[in-house]
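Structure, as structure tokens:
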Amino acid sequence: MKLYMKYVFLLLKSQMQYMSSFIMMVISQFFTPFALLAGIYFLFERFGSIGGYSMFEVFLCYSIIGMCFSIATCFARGFDVFANMIRTGSFDRILVRPRSTVLQILGGNLDLKRVGHFIHSILLLVIAIMQAPIDWSITKGIVLFNMIVSGTLIFSAVYLLQATAAFWTTEALEVANIFTHGIKEHASYPLDIFPKWITVFFTFIIPFGTVNYLPLEFILDRTEGSPLIYLLIPFAGGLFILPCLMFWQFGIKKYTSTGS
Amino acid sequence: MKKYLSLLKVRFLNNLQYRAAAIGGLVTQFFWGIMLVYIFRAFYGNSSVSDGMSFQELVTFVWLQQGFLSFIFLYDWDYELLEMITTGGICYELIRPVNLYSVWYVKLLSKRVARGLLCFAPVILLGFLMPEPYTMSLPYDAVALLLFVVTLLLSLLLIVAISMLIFISIFVTLSPVGSISIFATIGEFFAGMTIPIPFMPIWLQKVCMFLPFRYTADLPLRVYSGNIRAGDAVVGIAIQTVWIVGLVILGNLCMKRVTRLSMVQGG
């Protein structure tokens, strides 16, 4: 952990050398999602609601997913561009060092411009919390926090899977975009507006349902029964990262250098 | 002219090589299409009509949009060109006895054509094979189909002209791609790529009419299903042509100025 902090500090320092460019990126990251948001807004203006959800309830979902996405993309950037490392052979250097590979790759890259997207999401979250008709309680606050943590873990796990695939393909797997950028765009809507097979897939295979559906229902008071389950469900989703880490270790065992 | 045509052919064949990338793109676009039609299904709820666009027209819109994405998508960065600008490789281009604008234009065009031809048929086919009510429908009539093809091809020429202006602006500002991508996003929005233009409020629809973006995506996609009638489509074709000519001339002028003033980045 201490080592990772050191990595982060160094990366921060190096990226801050290009201050003006950094600020422009952040501003752009802040404003870009407004196009999608405007789209959602106009659709609600036209249609009123979606599958029983009102606009601010969807905004709640949108902002949570946006936060998870921006945090994960910022810190797991190294895995996002990992295929390059395989192709150029620089992964070999990491293997010979006596530290964990995951730590080194996480520490090797930081996508700080995502701060812009993160601030955008926080802003929307505040608006949604103020406008959506929800009786807030401490339990709900904790559930919300858990949702964000677990969503971030799931996004990171997807990046990890994408990177692991590169052990076999040696190139970036564009299809993985479906699960990162695709989810960022489409998981803004609660999962139950989709047909069953998509719901099942995103609950049991890649468990985003544990973020943007089950606990959301609890926050919106659409559930009965003990709140304990809803406190724990996001954690179950976050556990998804464990098999992904195991798969990563398996991938390393199978790895043969491209030798370039 | 001949040299540009042969360049177009060579680049086209070259780009056809990237089949793995094309398959990746294909899967992504098909998935994207599915998600979009489901989201809109949920918005429409039990009704199948909304003023402006029926659900059937919308589904067809989405499948065409995904299938012909590379013909109408603004958000496409050619990393080869970007690298040329930022590393100074551009000076080799400058000493060649060709018009730099035309060369770049042809490069961008061939890339889009190659990718489009690899992708569109499978996506459209899958669109036709989708279960009701998510099935793509046939063109409104033969005239609509013809007008669709014409407007789509003009769209392609127009979108390349617009992205050329973006590239030229990078040339001047040397700003990172990320920070100008916001302009691409705005362009996409006004092109009706984020949500179809009939879903926007009237005042915004009027804004769209005065910008070139709508003529790169919205027009062909809605002509196909008859959502835009033949008469309006013909007017649209005229406007498309004017924009293409205007923006190409503008791009050429900017390019001339820029190359005269530019300093090559060393390295």
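Chains as they are written, first to last, in the working numbering: chain A, 5 to 264; chain B, 127 to 393. Built from N, CA and C at the ideal position, the CB exists for glycine as well.
* Would a check of beta-carbon distances place Met-262(B) closer than 7 Å to chain A? -> Closer than 7 Å: no.
* **Tyr-193(A) in three-state terms, based on DSSP** => Correct three-state label for Tyr-193(A): coil.
* Quick one: which chain B residues come within Cβ less than 7 Å of Asn-181(A)? -> Thr-154
* To do: Using a cut-off of 8 Å between C-beta atoms, extract the partners of Gly-186(A) located in chain B.
  => Thr-154, Phe-157, Trp-158, Met-161
* Which residues, in order along the stretch 35–50 of chain A, keep a beta-carbon less than 9 Å from a beta-carbon of chain B? -> Here the close residues are Phe-35, Thr-36, Pro-37, Phe-38, Ala-39, Leu-40, Ala-42, Gly-43, Ile-44, Phe-46, Leu-47, Phe-48, Glu-49, Arg-50.
* To do: Identify the contact partners of Gly-70(A) in chain B, using a Cβ-Cβ distance below 9 Å as the criterion.
  => Going along chain B, no residue has its Cβ under 9 Å from Gly-70(A), so there is no contact; the nearest lies around 15 Å.
* Reducing DSSP to helix, strand and coil, say where Gly-393(B) ends up. => The predicted position of Gly-393(B) is uncertain, since its pLDDT is 45 and thus under 50; a value taken from the coordinates is nonetheless stated next. Coil, per DSSP.
* If Ala-343(B) sits next to Met-319(B), beta carbons under 8 Å apart, how far is it from one beta carbon to the other, in whole angstroms? -> 5 Å
* How big is the Cα-Cα spacing for Leu-157(A) and Gln-166(A)? -> 14 Å
* Proximity below 7 Å, CB of Phe-156(B) to CB of Ala-240(B) -> Their beta carbons are not under 7 Å apart, which means Phe-156(B) does not touch Ala-240(B) by this criterion.
* Nearest candidate by alpha-carbon position, reference Asp-177(B), set Pro-327(B), Ile-363(B), Thr-385(B) -> The candidate whose alpha carbon is nearest that of Asp-177(B) is Pro-327(B).
* Asked: Looking at the C-beta of Ser-295(B), does it have a partner C-beta in chain A at a distance below 7 Å?
  -> no
* **Residues sharing a beta bridge with Tyr-57(A), DSSP** => Ile-54(A)
* With DSSP run on the structure shown, which of helix, strand or coil describes Ser-180(B)? -> strand
* Would you mind reading off the limits of the alpha helix (DSSP H) that contains Val-249(B)? => Looking at the DSSP string, the run of the alpha helix (DSSP H) that includes Val-249(B) is 226–255.
* Does the distance from the C-beta atom of Phe-197(B) to that of Gly-150(B) stay below 7 Å? -> no
* To do: Anything in the stretch 192–226 of chain A with a Cβ closer than 8 Å to a Cβ of chain B? List those residues in chain order, please.
  => Per Cβ criterion, the list reads Tyr-193, Ile-197, Phe-198, Pro-199, Ile-202.
* Find the residues of chain B that neighbour Ile-54(A), judging by a C-beta separation of less than 7 Å, and give them in chain order. => Residues of chain B with a Cβ closer than 7 Å to the Cβ of Ile-54(A) are, in chain order, Ala-168, Phe-169.
* Neighbourhood of Pro-37(A) by C-beta, 7 Å cutoff - its chain only, sequence neighbours within 5 removed -> Gly-70, His-121, His-124
* My understanding is that Thr-277(B) touches Ile-182(A), with C-beta atoms under 8 Å, so please give their C-beta distance in whole angstroms. => The Cβ separation is near 30 Å, so there is no contact.
* Asked: Got a sec: is the Cβ-Cβ distance from Met-326(B) to anything in chain C below 7 Å?
  -> The displayed structure is made up of protein chains A and B, and chain C is not among them.
* Asked: From Ile-90(A), Met-89(A), Leu-164(A), pick the residue whose C-alpha is nearest to that of Val-106(A); which is it?
  -> Nearest to Val-106(A) by alpha-carbon distance, out of Ile-90(A), Met-89(A), Leu-164(A), is Leu-164(A).
* Just curious, the alpha helix (DSSP H) that Phe-149(A) is in, first and last residue? -> 142–173
* Which value, in whole angstroms, describes the spacing of the CA atoms of Trp-172(A) and Val-188(B)? -> 34 Å
* Are the beta-carbon atoms of Tyr-260(B) and Val-384(B) separated by less than 7 Å? -> no
* First and last residue of the alpha helix (DSSP H) that includes Gly-82(A)? -> Unbroken alpha helix (DSSP H) run through Gly-82(A): 81–84.
* **Cα-Cα separation, Gly-393(B) to Tyr-234(A)** => Residue placement at Gly-393(B) is poorly supported in this model, since its pLDDT is 45, which falls under 50; the coordinates still yield a value, given next. For Gly-393(B) and Tyr-234(A), the distance between alpha carbons rounds to 57 Å.
* To do: Give a yes or no on whether 7 Å exceeds the smallest Cβ distance from Phe-315(B) to chain A.
  => yes
* So, helix, strand or coil for Ile-285(B), using DSSP? -> helix
* For the alpha helix (DSSP H) containing Tyr-8(A), list its first residue and its last residue. => 6–19
* Using a Cβ-Cβ cut-off of less than 7 Å, list which residues of the stretch 114–129 of chain A approach chain B; keep chain order. => For the stretch 114–129 of chain A, which is checked against every Cβ of chain B, the residues closer than 7 Å are Lys-117.
* Measure the C-alpha to C-alpha separation of Val-130(A) and Phe-316(B) and round it to an integer number of angstroms. => 28 Å
* To do: Apply the 10 Å Cβ neighbour rule to Val-162(A) and answer buried if 16 or more other Cβ atoms are within range, or exposed otherwise.
  => buried
* Smallest Cα separation from Leu-195(B): which of Ser-173(B), Gly-372(B), Cys-245(B)? -> Cys-245(B)
* Asked: Which of helix, strand or coil does DSSP assign to Ile-221(B)?
  -> Three-state result, Ile-221(B): coil.
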